[in-house]
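In order, the protein sequence lines correspond to chains A and B.
With the working numbering applied, the first sequence has no gaps in its numbers, which climb one by one up to 431 at the end.
With the working numbering applied, the second sequence has no gaps in its numbers, which climb one by one up to 678 at the end.
The structure appears below as structure tokens.
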Amino acid sequence: MPSVTPLNNPRGADPRARIGEIIAAGERVIVGKTHSLKLALTCLLAGGHLLIEDLPGVGKTTLAHLMARVLGLSFQRIQFTSDMLPADVIGVTIYDRDTQQFEFHRGPIFSQVILGDEINRATPRAQSALLEAMEERQVTVDGVSHRLPHPFFVIATQNPTYQIGTFPLPESQLDRFLMRISLGYPDRDAERALLTGQDRRTLLENFPAVIGPEELLEMQQAVGEIHTSSALLDYVQALLEFSRTSPEFATGLSPRAGLGLVQAARAWALLSERDSVMPEDVQRVLPAIAGHRLRAADESQQAHAADLLLQGVPIP
Amino acid sequence: MNAPARLANIRTGNNHPREVHFLWILGALAMALLPHSLRFSPLLVASFLALAFWRWAAYRRWLPLPDKQHRRLLLTKTLLVITACVAVWVSYRGQSGRDAGVALLMVLVGLKLLELTTTRDFFIATTLGYFLVVTNFLYSQTIPLAAFMLAVITMLTASMVALYGGRHEREPKWILRRTFFIIVQAIPLAVLAFVFFPRIEGPLWGRPMLSEEAQTGLSDEMTPGSISNLTLSDEIAFRVNFNGRIPPAAERYWRGPVLWHTDGRTWRRGSLRDPTTPQVRFQGEPYRYTITQEPSNKRWLYALELPAQIDDDMYLTRDLQLLGRYRMRRRTSFDLISYPRFTIAELTPAEHQLGLQLPEDAHPRARALAMQWQAQAGGDIERLVRIALSHFNRQPFTYTLAPPLLTEDPVDQFLFETRAGFCEHYASSFVVLMRAAGVPARVVTGYQDGELNPVGDYLIVRQQDAHAWAEVWIEGRGWRRVDPTAAVAPERVSDGLEMMMPARGGLRIINDNPATAALWRRIQQTWDATNHRWNQWVLGFSPARQQMLMRELGLGDIDRSVLAGVMMAAIGATLLLLSLSIQRSSVRERDPVRSAYREFCRRLARIGIQRVPHEGPLDFAARVARLREDLAAPVAEITGSYIDIRYANGNGRDAVAAFRRQVSRFRPRTLAVP
């Protein structure tokens, strides 16, 4: 098995030791969804934002809330509606009569973990306010820039776009989410555990944090130090090339998607307690990264686009 | 797409052809079927189009396809196949043969369209398309059809190119350019194979011609109007290549059926059944020539007077007619030597009797005229002939392609009332007059003149050159040819009919202007010369011609089976080399680590655990461990070393050497079956 060498860590403690704890803690709340949980954590460690697309009631909000609690981060939920304005997300400047000055009142976006609930129910204007902030990691109101907290992590949820009253996110904005995952229905055992167990909301309210923001930043730094060999980069490039040249795909993967793929594979390798990225790491994260970017030429194959890509490219 | 990925794609065929590929192949198949669509029932064509529409509608999601997702339709498909086979069987009354076979192929190709999903299906459909192309040659082997078929082959190949076109698949220009290069590369190979592959006697597509299939041409009967009908056709009867001298137009009498018996209107061959060949004395210089005769479905052949040397499979009858042993069912060439001057000394009693036969009580006025001439000539037959010819010349006889209808006694009516007729009128009434005057005479039909094609230097004889003339017996000199038509319309014989009729085809505006008419004529001649060469060298490329060519190339003595063996070996070797080079380009490995890992995978494949090309080393190791617990440890060890070297930082010569040693020590065995 691959030798695991300790990472350079300024505080000497190996952050990876805590990963198992984080996941174990998460599994207590989100039962039977280890893979989704790991992907969400991977996304966060890779410094990307997460889009959860699924039916109402399968635990999207719970997952977002859980991530904030477990990592000890501040949490805000923005429920998107069709009459929402950008100011409702970012904040407003109000004239303060006492100080006789304009004062900026921060909106809900100034939080470490944002849950943008049902983002595709908002109008494109409100959507773009959030998405711009995601990209810039700051907001500018009346010429004054306000930095967003660090780490900053947006979990947006959206209903499947065929549902009524939705504004589907355009491809350019989808690209800003590193990953798109879905949770799906729990299996039989998980469902039973859910039905017999404690109410998720109360469980979450008293849930202890496993790590804090500093440790999370260290972990994000450790992700950047995971080794990627040239053989692995060959593989990633072959995947990107295939997605662009194969007639099976109408749109291939962008360079941004490629960067995200490598970063996420690193985070996955960290989660898997390795210090170098394996082709398997790429394969595990690829569906979440490519699913919302890759367009199959044959629409009926859209659901399997990522599989088509993986199966089409032999590992060099 | 990088090469290995593309190859993997081709091998597994896991890319999914789409509408654009379907349209390519549908276009190519429709083109291949186009010539057939005129030959087969519209129902067949309609069912093909309906099936094609069904498949296309499925791409558009208007209709479901009979596939695994729609199991109910699978039964429909089976029923369709059975219905199609039964329908073909019934419409051809259970006969197997060309038409039934092609019809079945067409229906099955149509049904195959419903199954077009994977690359492999497209591959099969294209191959079927190539077969369909070939079936067109069972019906016609002309140059335009060959050119069209080349276009169809191009389209079929293009549909394959589109299938593997990758990102270019929506660029028809790119696809056609690619195809063009492929076809151009294939042409020399095709020519080599055509020239050197052992020929089979007779054309490969030797069609069993049905006797009902009517062929235009002379028959062994003549009624007023039968030849003038023929002259409306510019179909080619035969072509002649002269070896040396070419006879002048007035001597180009191509002798065909000889008619003895008349009932007053119709002339027939009569009852001369004499198997002997007459004693002929030849004089003067012969003409040497090769006749390439179009299929006539008749036994008789045409030749200049008088063939002295003929092939084995033909013979000369008592009345000097050249007969083949079989009906002429396909285009045939034969070499002949003819002497224009010859003498026959003997007239048998049977010939004499037939040569004077006249129907009882017919042609009273003609008989009276003949008696009058007989008295005038006083036994001098040559004089009698001259009197008769001058009668035709001086009296207001006209030569016309559209003579008035003869209702009563055709000979009398023509000679004394209408006085307008075509060669058969003149020949038949002349013979009647001679017989009435006591001179043995007979009607000879055949062709006269022909068009000399300066391009290619040969003579084209068409149906419109059909002619009838007379022969009279002159004691001491034998049978002499007399052409009464020449007395009426000398230009008919010297210039041929051609000059009396508007040029073939073409618009009036072309024919009215002498310059464009000449150009048009030249184009026609060039085209016919091309056809002639095509017939001789492509369609008529017989084993004999092949042997001749090989001798000229100095390969004359090579045995046919040896030649076939060499060709097969060459093709086999080429295919082997090609497949090897494809294999190598995907497998060739210089990196020792990768080649050692590959070896490791090969050893596992040998015991039945095959690594999928996109399976990562860890996943593969896990799978092996699941399948064979006993191998888990060594496999984990080898995999660990491999990923250490390849994906982690653990590179170094020692590590590589150690890894290779690990692999070479790894010898998994199949578990004994308990």
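A virtual CB, placed ideally from N, CA and C, is assigned to each residue, including glycine.
Query                                                                                                                             : Result
Residues of its chain near Val92 of chain B, where Cβ-Cβ distance is below 8 Å and the 5 sequence neighbours each way are ignored : Ala104, Ala107, Leu108, Val111
is_contact[Ser391 of chain A, chain B] using C-beta, thresh 8 Å                                                                   : yes
Among B:Arg439, B:Gly454, B:Glu428, nearest to Val448 of chain B - alpha-carbon criterion                                         : B:Glu428
Any chain B beta carbon closer than 8 Å to His419 of chain A                                                                      : no
Residue span of the beta strand (DSSP E) that contains Asp505 of chain A, given as start and end                                  : Since the first residue of chain A shown is 116 and the last is 431, residue 505 of chain A is not available in this structure.
Proximity below 8 Å, CB of Gln358 of chain B to CB of His265 of chain B                                                           : The sequence as given places Leu at residue 358 of chain B; Gln does not occur at that position. The answer is yes: Cβ separation under 8 Å.
Chain A residues whose Cβ lies nearer than 8 Å to that of Glu173 of chain B                                                       : Pro362
DSSP-derived helix/strand/coil call for Val24 of chain B                                                                          : helix
Cβ contact (3+ pairs, closer than 8 Å) linking the region 380-389 of chain B and the region 341-348 of chain B                    : no
One or two residues paired with Ser342 of chain B in a DSSP bridge                                                                : B:Tyr291, B:Pro311
Closer than 8 Å to chain B by CB, Ser369 of chain A                                                                               : no
Short Cβ contact (8 Å threshold) for Phe426 of chain B with Pro488 of chain B                                                     : no
Straight-line gap, Ala640 of chain B to Ala573 of chain B (C-alpha atoms, nearest Å)                                              : 48 Å
Rounded Cβ spacing between Leu437 of chain B and Ala370 of chain B (contact assumed at less than 8 Å)                             : 6 Å
Short CB-CB distance (under 8 Å) between Ala346 of chain A and chain B                                                            : yes
Cβ pair Arg408 of chain B, Ala424 of chain B closer than 8 Å                                                                      : First, the residue type needs correcting, since residue 408 of chain B is Pro and not Arg in the sequence shown. Yes. Within cutoff.
Other residues of its chain near Ala421 of chain A: CB distance less than 7 Å, five sequence neighbours each side excluded        : Leu401, Pro402, Ala405, Gly406, Leu409
Chain-ordered residues of the region 391-416 of chain A with a beta carbon less than 8 Å from chain B                             : Ser391, Val392, Met393, Pro394, Glu395, Gln398, Ala412, Asp413, Gln416
Span separating the alpha-carbon of Ala50 of chain B from that of Leu423 of chain A                                               : 38 Å
Chain B within 8 Å of Gln426 of chain A, Cβ atoms only                                                                            : yes
Contacting residues, own chain, Cβ-Cβ under 6 Å from Leu675 of chain B (five flanking each side not counted)                      : none
Collapsed DSSP secondary structure at Leu368 of chain A in the structure displayed                                                : coil
Short-range partners of chain B found in the region 315-348 of chain A, where Cβ spacing is below 8 Å                             : His342, Ser344, Ala346, Leu347
Ala491 of chain B versus Ser394 of chain B: straight-line alpha-carbon distance, rounded                                          : 7 Å
Own chain residues within Cβ distance below 6 Å of Glu216 of chain B, not counting five before or after                           : Low confidence applies here, because Glu216 of chain B scores a pLDDT of 35, under 50, leaving its location unreliable and the question unanswered by this model.
Beta carbon proximity, Tyr601 of chain B to chain A, threshold 8 Å                                                                : no
First and last residue of the uninterrupted beta strand (DSSP E) at Tyr451 of chain B                                             : 445-452
Short Cβ contact (8 Å threshold) for Thr183 of chain B with Ala162 of chain B                                                     : yes
Residues sharing a beta bridge with Leu298 of chain A, DSSP                                                                       : BP columns for Leu298 of chain A are empty, so no partner.
Distance between beta carbons of Leu354 of chain A and Val428 of chain A, contact taken as under 8 Å                              : 5 Å
Helix, strand or coil at Val459 of chain B according to DSSP, with G and I counted as helix                                       : coil
Under 8 Å between C-beta atoms of Val459 of chain B and Ser433 of chain B                                                         : no
For Glu475 of chain B and Arg446 of chain B, believed in contact at Cβ under 8 Å, the rounded distance                            : 5 Å
Proximal chain A residues relative to Leu608 of chain B, where beta-carbon distance stays under 7 Å                               : Ordered by position in chain A, no residue passes the 7 Å Cβ test against Leu608 of chain B, which lies about 15 Å from the chain.
Leu622 of chain B: contacting residues in chain A (beta-carbon distance under 7 Å)                                                : Met393, Glu395
Residue-chain proximity (His74 of chain B, chain A), Cβ-Cβ < 8 Å                                                                  : no
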